[in-house]
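Presented below is the structure to which this report refers.
Residue numbers (this note's numbering), protein chains in the order written: chain A, 34 to 408; chain B, 175 to 257.
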């Protein structure tokens, strides 16, 4: 063991050699992400994957320890990865610049030991939550404002059934829906509310989040960690430990419960669904994890784009309702997230679904087909 | 259904009140009442925690289902989203 970690070796609650072999995913390289990456790098976590789609802006510098003024305009993940390697050249850091919904798949989560969720919106947190629940990976979720810090750990396993969505208030769904028009098309005019944060709240949330996460996956003692939340008030200096309660009506838990059966496949083997169909029942209903646009045409002039391809609704904005031919707001858009097996095959989705959505499940039989790179 | 008397407070402890309510009230009703009466920011989401046992009360769960008893303190915490 390198002399670098001599003092770490004296710590009694984790083993540095275990730390070295950890594969950690950090989703979001903003204020909290910076602190989490810094902590993981200094701890000597062997493998870190960082995901984010943003570039560095000047106002990020007041709470991002890894960014400098000359980095403005560069991708957050590239700079964060570079600075993490500078902190410890012995670790492997991979930067993935792009939309989580496109870039992060179940395979990445499945091959990791822990996921640190450092995002800035409910929607992406929900997606990461579903993926961690499906693959039974521990998720540490951190969020802040300028005063409070919230750190939640979800040690997903066969026994742990409390998920992030269980305690999500209904108003959060309303907030998500405000970002979209009907059919999950992004509103191009929507302006996201800006929430001020501080280095104090981001630093403390990352410190506790990384500690809780390491305790769970690298702790020497077999401590029974259940889903819980640490809530801190940095102005009063108070904190509380909340035990998170399972919600039997939680959409994620209902859908992705232990009753479901995972089937791994690859992009190339999606055609095998045809065979599975014959083995099961013909009246299966396929529900996709996000809406897709299966058809569009103008109701006034009947124009239909020649190059139209079935895509996730996320790939379109609400500008799609404007007909490029007659200029009227009269485009009829067919949006689906649930299809019969017959429709599924008719649209050719059995051959290309994973080019459109990252994974999907057959709701009626409780079977989840997942896109994995098979080893 | 029974009436219980609980103490509701905000996480920053600037608002606190003893409130009598039916134990069939759901957490979201308690939150809505607090947001309305105390004019808490409506662009924030909130969750409810029973500070007596540290357990969160999910939005649709009633106080009776959550085992809330008279005299217990329920805290309204902001659900944070920034990162």
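C-beta: ideal position from N, C-alpha, C; glycine also. Just so we're clear, the structure is a prediction, and the values are computed from it rather than from any experiment.
Quiz item: Can you list, in chain order, the residues of the segment 258-276 of chain A whose Cβ is nearer than 9 Å to any Cβ on chain B?
Solution: 261, 262, 264, 266, 268, 269, 271, 273, 274, 275, 276
Quiz item: Looking at the structure shown, is residue 82 (chain A) part of a helix, part of a strand, or coil, going by DSSP?
Solution: strand
Self-check item: Range covered by the alpha helix (DSSP H) that runs through residue 258 (chain B)
Solution: With chain B covering 175 to 257 only, the question about residue 258 (chain B) has no answer from this structure.
Quiz item: Hey, how far is the Cα of residue 177 (chain B) from the Cα of residue 177 (chain A)?
Solution: 36 Å
Quiz item: For the alpha helix (DSSP H) that residue 209 (chain B) lies in, which residues bound it at each end?
Solution: 201-211
Quiz item: Is it right to say residue 271 (chain A) is buried, meaning 16 or more other beta carbons lie within 10 angstroms of its own, or is it exposed?
Solution: exposed
Exercise. Note down, in chain order, all residues in the segment 225-247 of chain B with a beta-carbon under 8 Å from any beta-carbon belonging to chain A.
Key: 225, 227, 228, 229, 230, 231, 232, 233, 234, 235, 240
Quiz item: Alpha carbon to alpha carbon, what distance is there between residue 184 (chain B) and residue 268 (chain A)?
Solution: 14 Å
Practice problem: Give the residues of chain E in contact with residue 177 (chain A), contact being defined as C-beta atoms less than 8 Å apart. | Solution: No chain E is part of this structure, whose protein chains are labelled A and B.
Quiz item: Closer than 8 Å, CB to CB, is residue 165 (chain A) near chain B or not?
Solution: no
Exercise. Could you check what DSSP says for residue 245 (chain B) in three-state terms: helix, strand or coil?
Key: coil
Practice problem: Pick out the complete beta strand (DSSP E) segments inside the segment 213-281 of chain A, 3 residues or longer, and give them in chain order. | Solution: 261-266, 271-276
Quiz item: Does DSSP put residue 334 (chain A) in a helix, in a strand, or in coil?
Solution: coil
Self-check item: 8 Å Cβ cutoff met for residue 280 (chain A) and residue 255 (chain B)
Solution: no
Quiz prompt | Distance between beta carbons of residue 240 (chain B) and residue 198 (chain B), contact taken as under 8 Å | solution = Between residue 240 (chain B) and residue 198 (chain B) the Cβ distance is about 11 Å, and since that is not below 8 Å, they are no contact.
Practice problem: Take residue 410 (chain A) and list the residues in its own chain whose beta-carbon comes closer than 6 Å to its own, dropping the five residues that flank it on each side. | Solution: Because chain A is modelled from 34 through 408, residue 410 (chain A) falls outside the range shown and cannot be assessed.
Practice problem: Closer than 9 Å by beta-carbon distance: list the chain B residues that pair up with residue 65 (chain A), in chain order. | Solution: 256, 257
Quiz item: Using a C-beta cutoff of 8 Å, does residue 221 (chain B) count as contacting chain A?
Solution: yes
Self-check item: From A:366, A:207, A:174, A:354, residue whose alpha carbon lies closest to that of residue 217 (chain B)
Solution: A:207
Practice problem: Hey, could you find the ends of the beta strand (DSSP E) residue 364 (chain A) is sitting in? | Solution: 364-373
Quiz item: Hey, is residue 54 (chain A) close to the ligand GTP, as in C-beta under 7 Å from one of its heavy atoms?
Solution: As for the ligand GTP, it is missing from this structure, which has no ligand bound.
Quiz item: Nearest CA to the CA of residue 39 (chain A): which residue from A:265, A:252, A:76, A:67?
Solution: A:76
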